[in-house]
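Numbering (the working numbering), first residue to last: 1056 to 1192.
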């Protein structure tokens, strides 16, 4: 009696798909966060009179970015000293560079492998074909 079994289990496919989805979600969220940080930096260049008039509209930027900026200042004391000496806060630059780096690396981790690198059993659309072998009992 022969039984057909699959080499790739459905659990392997689900876990690989889940990891890719999580990396994609993180990459998208970090890009949105970087955009919010850039907006927060641009808003900081406005005069106080303009910021006070737009206080309610700008509140989401402050709620999203300020906790990360403050924790970064606590984690890296040199940033706080540099801001006190020069008057220039380098924390947003550090946060933006860090999140951009993490975003790019997460996109690279979740990238699809080209069909040419997958081997002889790959299909044209880049998915690996499931090989089926016959087992007899």
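The beta-carbon is built from N, C-alpha and C at its ideal position, and this holds for glycine as well. None of these values were measured; they are calculated from a predicted model.
Euclidean distance between Cα positions of residue 1090 and residue 1117: So the alpha carbons of these two residues sit roughly 13 angstroms apart.
Going straight from the alpha carbon of residue 1164 to that of residue 1083, what length do you get? Between the C-alpha atoms of residue 1164 and residue 1083 there is a straight-line separation of about 14 angstroms.
Would residue 1092 and residue 1150 qualify as a contact pair, given that the criterion is a beta-carbon distance under 9 angstroms? Closer than 9 angstroms, so yes.
Please classify residue 1073 as buried or exposed, where buried requires at least 16 neighbouring CB atoms within 10 angstroms. Classification for residue 1073: exposed.
DSSP three-state assignment for residue 1131, whether helix, strand or coil: Residue 1131: coil per DSSP, three-state reduction.
At the level of alpha carbons, what is the spacing between residue 1103 and residue 1110? Spanning the two alpha carbons is a distance of roughly 10 angstroms.
When 1077, 1081, 1085 are compared against residue 1155, the one with the closest alpha-carbon: Comparing Cα positions, the closest option is 1085.
Coil, strand or helix - residue 1100 by DSSP: DSSP, read as helix, strand or coil, puts residue 1100 in coil.
Reduced DSSP category for residue 1073 - H, G, I as helix; E, B as strand; rest coil: In this structure, residue 1073 counts as helix in the three-state DSSP scheme.
Exposed or buried, what is residue 1146 when buried is set at 16 or more other beta-carbons lying within 10 Å of its beta-carbon? Looking at its Cβ environment, which holds 16 or more other Cβ atoms inside 10 Å, residue 1146 is buried.
Can you tell me where the alpha helix (DSSP H) with residue 1150 in it begins and where it stops? 1146-1164 is the span of the alpha helix (DSSP H), which, as asked, contains residue 1150.
Can you confirm whether residue 1137, when its beta carbon is compared against all beta carbons of chain D, has any partner nearer than 9 angstroms? Judged by its chain identifiers, the structure shown contains no chain D, having just a single protein chain.
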